[in-house]
Amino acid sequence: MANMKFLCDSKRCIECNGCVTACKNENEVEWGVNRRRVVTVNDGLPDETSISVACMHCSDAPCMAVCPTDCFYKTDDGIVLHNKDACIGCGYCLFACPFGAPQFPSKSSFGERGKMDKCTFCAGGPEEDHSPEEKAKYGANRIAEGKLPMCAEMCSTKALLAGDADKVSDIFRERVIYRGHADGAWASNGSAEELAYDAAQPKA
Amino acid sequence: MQIKLLLKLAALLISLIILPVKAEDSVPSEQRVAAFAGAEYWQVIRQGENGTTQSSTAEAGNLINVQGDYWRYWRNQWITPAGAFAVGGTLGLLAIFYLIVGQKKLDAPRSGNTIQRWSRLDRANHWTVAILFIILGISGLSLLYGKFVLKSVMGDGLWASYMLACKLAHNYLGPLFVLGLLLMILRWMKHNVFNRTDLTWFIKGGGIIGNAHPSAGYMNGGEKIWFWLLTLFGIAVCVSGLILDFPNFDQVRNTMQWANLVHAAGSLILIAASLGHIYIGTLGTEGALEGMTTGQVDETWAKQHHDLWYQEVKAREAKDTV
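If you're matching them up, the sequences are chains P and R in order. Position in the first sequence (from 1) plus 275 gives the number in the working numbering. Position in the second sequence (from 1) plus 1 gives the number in the working numbering.
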């Protein structure tokens, strides 16, 4: 089974917000909700860096660990989904999530949160695939059609990659080698050298 | 053939001469450009520096919230098990105590004469706070421990409705509890100032075991401890609860994480302590509960448990009749 992940290549992301738009359109999320957003650090400076971020479908998902109603579940593809029927809008997943992925659209009296909404990796929810209920609550289910998330598919510079972790990292590793940087992808840590070494080998 | 060989040799020569030069030239600039968000970048992100974003959601400029993981650690690895031990342990100890020592009986038969201990307003205040405390306690414990116990028992549909009811009860009754508790603290503080009598009461262990009856005024040392626990942790729980209950004041996640830890720890301590209070007030002591239900206590009970207060009341009565 695949282990689905997102990866955003900061050297390619041009902050066009195409992924944000693609996501909103594909999933028809509520007004004011952004399942995906682009964050730019040092905007306008020489080291400007943009990264598109949404739910990262963590292997050890903090939202899952703290949810009082235990409404999260993981698909066979490693996608973290949740059951909105069991969500009580307590906000704990938002407290725990490093990426600010959980969104709370409707606010009732005293700022009480509605049911949480987040990126589904375009994999819908617990309802029957492609049912109207699933569409209304969770948006698209492209995974069931054998397609990848719309945000990555629409990315004009192919900065945002989505898919099986092995494939995504292969693509990224190849780019890093092509760029010829000694530190590999993520700065100078121990694993960077391995990353560079592996990709230099001819593919089996 | 010769031309092809020449071309190959030329290519080799060119590559030998040009490529290394090109590589050397390109290293500094390529290193600068090609590094994926490098060490410095992640350091900035970790320090919580905000970037710009088109999203208008709260804290959207914050790429990674590092503190969330600490919150998860403290809540899941410490507060959850410690609270279970505290509440479960207290319950177990009380059960053992009851089985071994049993109820504290009245020393003498009831006199039939009663004296006023709690006014109607006192009792209304007490039971309002008590009932809210129990509802908030049960709903709060369900929010923390329900998924380990109740979820499998209830089944999906009932579980979802029950948990929603817990959250709504917790959110809407919480502020009423705050009002009731504050009123109680203000009204009863004058009874709960520690004095020398309490010191001897503590030294004698409150006369819990055996027939020793250390002197006590209107409130004994144990009751005063419960009062100050409620004051200290109660106010902490109320303040943190209000921070969590009204997310419409733009408080950030990190504030709510702290509030949640304080709220959970404080309320678990109070729940454990309340079990002791409930035990002593009902099963544990003969004649104690009626003081809070009818407002009247038997003179025998008053003499036995609050002798100094009893003498005060009698002295006042004697004065009034004279």
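All C-beta atoms, glycine included, are put in the ideal place defined by N, C-alpha and C.
Between the stretch 301-320 of chain P and the stretch 39-54 of chain R there are three or more inter-stretch CB-CB distances shorter than 8 Å, so the stretches are counted as touching.
Its chain contains Gly285, Thr286, Glu287 as the residues whose beta carbon lies nearer than 7 Å to that of R/Lys105, once the 5 sequence neighbours on both sides are disregarded; these appear in chain order. In the structure shown, the three-state DSSP call for R/Phe195 is coil. For R/Tyr163, no beta strand (DSSP E) encloses it; the enclosing alpha helix (DSSP H) starts and ends at 157-189. Annotation for P/Arg448: the continuous alpha helix (DSSP H) segment containing it runs 440-454. When rounded, the separation of the alpha-carbon atoms in R/Leu271 and R/Phe98 is 20 Å. By the neighbour-count criterion, in which 16 or more other beta carbons inside 10 Å mark a residue as buried, R/Ala319 falls on the exposed side. By the C-beta density criterion, P/His405 is exposed, having fewer than 16 other C-beta atoms within 10 angstroms. One Cα belongs to R/Val263, the other to R/Ala109, and the distance between them is close to 46 Å. Excluding its 5 nearest sequence neighbours in each direction, R/Ala273 has C-beta neighbours in its own chain below 7 Å: Ala87, Val88, Thr91, listed in chain order. Note on R/Lys191: under 16 other CB atoms within 10 angstroms of its CB, so exposed under the neighbour-count rule. Note that the C-beta distance between P/Val308 and P/Gln378 is below 9 Å.
If you draw a straight line from the Cα of P/Ala361 to the Cα of R/Ile80, it is about 24 Å long. Within its own chain, the residues whose Cβ lies closer than 7 Å to the Cβ of P/Glu409, once the five positions on either side in sequence are excluded, are Gly399, Gly400, Glu402, Glu403, Asn416, listed in chain order. For R/Phe250, the nearest CB of chain P lies under 9 Å from its own CB, placing it at the interface with that chain. Within the stretch 243-293 of chain R, the complete alpha helix (DSSP H) runs of at least 4 residues fall at 254-282. The beta strand (DSSP E) runs of length 3 or more contained entirely in the stretch 58-133 of chain R are, from start to end of the chain, 115-117. Here P/Ile363 is not near P/Cys397, since their CB atoms are 9 Å or more apart. Distance from the Cα of R/Asp157 is smallest, within the candidate group P/Asp345, P/Ser384, P/Ile452, P/Ser285, for P/Asp345. Here R/Ile279 is not near R/Thr232, since their CB atoms are 9 Å or more apart. Residue contact check for P/Leu369 against chain R: a CB pair falls below 9 Å. In the DSSP secondary-structure assignment, P/Cys283 is bridged to P/Leu435. As a beta-bridge residue in DSSP terms, P/Phe347 pairs with P/His357.
In chain order, Val130, Gly235 place their CB closer than 6 Å to the CB of R/Leu182, counting only its own chain and leaving out the 5 sequence neighbours on each side. Interface annotation for the stretch 344-367 of chain P against chain R: Thr344, Asp345, Cys346, Asn358, Asp360, Ala361, Cys362, Ile363, Gly364, Cys365, Gly366, Tyr367, criterion Cβ-Cβ distance under 9 Å. Between P/Ala434 and P/Cys288, the C-beta gap is smaller than 9 Å, which places the two residues in contact.
Its chain contains Val355 as the residues whose beta carbon lies nearer than 7 Å to that of P/Cys333, once the 5 sequence neighbours on both sides are disregarded; these appear in chain order.
With respect to chain P, the C-beta atom of R/Val45 has a partner C-beta closer than 9 Å. Contact between R/Glu60 and R/Val253 is confirmed by a C-beta separation of about 6 Å, below the 8 Å threshold. Between the alpha carbons of R/Phe228 and R/Cys239 lies a distance of about 15 Å. For R/Gly138 and R/Tyr163, the gap between their C-alpha atoms comes out near 15 Å.
Per DSSP, the continuous beta strand (DSSP E) segment holding P/Ile326 begins and ends at 324-328.
For P/Ala376, there are no neighbours in chain R by C-beta distance under 9 Å, as the nearest C-beta there is about 10 Å away.
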